[in-house]
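*Asks:* In the working numbering, the protein residues as written are 305 to 542. The structure that follows is given in the form of structure tokens.
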């Protein structure tokens, strides 16, 4: 399997959103929500983008308070947080006014439950820096209880599950194996999530190498996924 970051349709849409946020004028809110079901590559995508663009990435956890969140952000900026929450907030505010950065907060669902998410709204309002909230499939509905925050959302982006076209694109980037259209359609019935798809492809590559197979059609694929390692068991009756 090729070791490369795979630019899926979801990734391309995310990059386009981030480009938009960077170019917005100062008077336009720069809050955004990215959400979707697990296994679609959200966390990998935002970490990849944050690393390439010198941004702040923080992963929320259960029970995270405003003080805890701000301490994490301060440390990501290379600053020492204060004991008092307000002092740490002002430290971050002053830093970002002089050195604007995009802040990405993953697992935002934890912050919604604790009302900690409102701290991010305040930080956005004080600094006008882009802040991207990343959550699970119902994050948009959960955020609805914070109308003042929702009003500031420039855009929401939902990571969609994959179809046959997406899987074709992923296969071209991740493996040298050839898959026939019927095999790709069958893969689409087995999974529509990125994480599961990568695991399946890794398994298919190993079994294909054992059986010396270079092109995968639906019949062969079904045999491989059933782990029938003997190629004779996969051969069609002519």
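Using N, Cα and C, we set each Cβ at its ideal position, and we do this for glycine too.
1) Out of 483, 507, 500, 497, which one is the CA nearest neighbour of residue 523?
2) If you compare alpha carbons, which of 517, 504, 515, 518 is closest to residue 529?
3) Roughly how many angstroms lie between the CA atoms of residue 428 and residue 491, to the nearest whole one?
4) Have a look at residue 400 and residue 431 and give me their C-alpha separation to the nearest angstrom.
5) Rounded to a whole number of angstroms, what is the C-alpha to C-alpha distance between residue 416 and residue 347?
6) Report the residue ranges of all alpha helix (DSSP H) runs contained in full by the stretch 463–490; include only those spanning at least 4 residues, in chain order.
7) In whole angstroms, what separates the C-alpha of residue 494 from that of residue 374?
8) Under three-state DSSP, which class holds residue 513?
9) Keeping to the same chain, check which residues put their C-beta closer than 6 angstroms to that of residue 318; ignore five residues upstream and five downstream.
10) Which residues in the same chain have their Cβ closer than 6 angstroms to the Cβ of residue 537, if we skip the five residues on either side of it in sequence?
11) Just mark residue 406 as buried or exposed, buried being the case when its beta carbon has 16 or more other beta carbons within 10 Å.
12) If you reduce the DSSP assignment to three classes, tell me which class residue 523 lands in.
13) Along the chain, where does the beta strand (DSSP E) that runs through residue 414 open and close?
14) Just to confirm the assignment, what range does the alpha helix (DSSP H) spanning residue 350 have?
15) Where residue 344 and residue 411 are concerned, what is the direct C-alpha to C-alpha distance, given to the nearest angstrom?
16) Quick one: what does DSSP say residue 323 is sitting in, helix, strand or coil?
*Replies:* For this structure:
1) Residue 523 has its Cα closest to that of 483, out of 483, 507, 500, 497.
2) For residue 529, the nearest C-alpha among the options comes from 504.
3) Residue 428 and residue 491 have their C-alpha atoms spaced approximately 42 angstroms apart.
4) Taking the straight line joining both Cα atoms gives about 6 angstroms.
5) Between residue 416 and residue 347, the alpha-carbon positions lie close to 18 angstroms from each other.
6) Correct list: 468–478.
7) Per the coordinates, the alpha-carbon of residue 494 lies some 42 angstroms from the alpha-carbon of residue 374.
8) Helix, per DSSP.
9) If you ignore the 5 residues before and after residue 318, its C-beta comes within less than 6 angstroms of the C-beta of 349, all in its own chain and listed in chain order.
10) Residue placement at residue 537 cannot be trusted, given a pLDDT of 43 that sits under 50; the coordinates are not used to answer.
11) Classification of residue 406: buried, given that the 10 Å Cβ count is 16 or more.
12) The answer is helix: DSSP assigns residue 523 an H, G or I state.
13) Run containing residue 414: none in the beta strand (DSSP E); it sits in the alpha helix (DSSP H), 413–417.
14) 346–356 is the span of the alpha helix (DSSP H), which, as asked, contains residue 350.
15) Taking the CA atoms as reference points, residue 344 sits about 14 angstroms from residue 411.
16) Residue 323: helix per DSSP, three-state reduction.
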